[in-house]
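See below for the structure under consideration.
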Amino acid sequence: MLMDIFSSLDAGVYSGFSIWGLVWLSGFVGLLISLMQFWVGVSGISVVFFSLVELILGLVKSCSGKFFGGFALGQVSLFVMIFVVNISGMVPDVFSPTSHLSLTFVLAGVVWFCLVFSGWTYSWGQSAAHLVPAGSPSALIPLLVLIESVSVLIRPITLGVRLAANITMGHLMLHVIGEYLVGFLYGASFMGGLLGSAVMWGYVMFEFAVSFLQAYVFVLLVGLYSSDHPMSDGH
């Protein structure tokens, strides 16, 4: 058994070999699946993959980001990348990069900065107008501008912390359940080991669902943030 439950969050380096590269290479799984349709018939995995892509495209169509060039492709790529990395972290002894703030802050910060920079460059007047809710009393405008500015500035922080915290808690719970399961097995408790195995498998399935939901929530919030981007009169 491991000495520390937080050791499951350490980057996987064994005998000088780092598995970081293997985790990042898993990001090409989506590309390989998409290319498979040109060589073989449609498989069950590709059907699930393209269903997820259609789900994200439907999400993009419901927000203002659908008017941005390349936004739909960026959202789909972001979802696939986060989802595949989350799933790869479910493999035993494989480190999950999305459980560290160093990655989630970079993802959230880059996307947030691109949206804010594009909005203020396109029309600083409309961007500034978003800081003042419609119908606000004149006396409260300075306070409202301050509050709205803070809420905009902390978006990448909350976005990154939400993703890292949920993935981290899932891995810690898997580690704790695994510790109890090993204890039951070493104690030669058949019923305890059987019950622990059932709980373990159930929680693993739950974590697969969480991996999908966290990737979906991430791109959902990015789509909602794109609604603050100034639009032309034709839109």
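Residue numbers for the sequence shown follow my numbering, so the first one is 7 and each next one is one higher.
For glycine and all other residues, C-beta sits at the position ideal for the given N, C-alpha and C.
{"Check": "Simplified DSSP state of Phe-56, which is helix, strand or coil", "Outcome": "helix"}
{"Check": "At least three beta-carbon pairs within less than 8 Å, the region 83 to 97 to the region 144 to 151", "Outcome": "no"}
{"Check": "With 16 other Cβ atoms within 10 Å as the buried cut-off, status of Leu-4", "Outcome": "Any answer about residue 4 is impossible in this case: the structure gives the chain only from 7 up to 241."}
{"Check": "With 16 other Cβ atoms within 10 Å as the buried cut-off, status of Met-9", "Outcome": "Caution applies to Met-9, whose pLDDT of 48 falls short of 50 and renders its modelled position unreliable; the model cannot decide the point."}
{"Check": "Leu-8, DSSP secondary structure in three states", "Outcome": "Legend: pLDDT at Leu-8 = 46, less than 50; position of this residue unreliable, value from coordinates given subsequently. DSSP places Leu-8 in coil when its eight states are reduced to three."}
{"Check": "Helix, strand or coil at Leu-152 according to DSSP, with G and I counted as helix", "Outcome": "helix"}
{"Check": "Nearest neighbour of Leu-165, chosen from Gln-81, Leu-113, Ser-233 [CA to CA]", "Outcome": "Leu-113"}
{"Check": "Span of the alpha helix (DSSP H), counted from its first residue to its last, around Ala-134", "Outcome": "130 to 135"}
{"Check": "Environment of Pro-236 [buried if 16+ CB atoms lie within 10 Å]", "Outcome": "buried"}
{"Check": "Rounded C-alpha distance that separates Met-206 from Val-59", "Outcome": "30 Å"}
{"Check": "Inter-residue Cα distance where the pair is Thr-4 and Met-179", "Outcome": "One cannot answer for residue 4 here, as it falls past the ends of the chain, which runs 7 to 241."}
{"Check": "Rounded separation between Phe-119 and Ser-70 - CA only", "Outcome": "17 Å"}
{"Check": "C-beta atoms of Gly-208 and Leu-65 nearer than 7 Å", "Outcome": "no"}
{"Check": "Extent of the continuous alpha helix (DSSP H) run through Met-87", "Outcome": "77 to 94"}
{"Check": "CB-CB length for Ala-78 against Leu-63, believed under 8 Å", "Outcome": "6 Å"}
{"Check": "Secondary structure of Ser-68, DSSP reduced to three states", "Outcome": "coil"}
{"Check": "Contacts around Val-216, its chain only, beta-carbon distance under 6 Å, and the 5 residues preceding and following it disregarded", "Outcome": "Gly-176"}
{"Check": "Distance between Ala-134 and Pro-162 (C-alpha atoms, nearest Å)", "Outcome": "19 Å"}
{"Check": "Assigned secondary structure, Ala-140 (DSSP; H/G/I helix, E/B strand, else coil)", "Outcome": "coil"}
{"Check": "Test item: CB-CB of Leu-150 and Val-138 under 7 Å", "Outcome": "yes"}
{"Check": "Proximity to Ser-83 [Cα-Cα], best of Ser-94, Ile-173, Tyr-222", "Outcome": "Tyr-222"}
{"Check": "Supposed contact pair Leu-121 and Ser-203 - C-beta distance, whole angstroms, cut 8 Å", "Outcome": "About 45 Å separates the two Cβ atoms, so there is no contact after all."}
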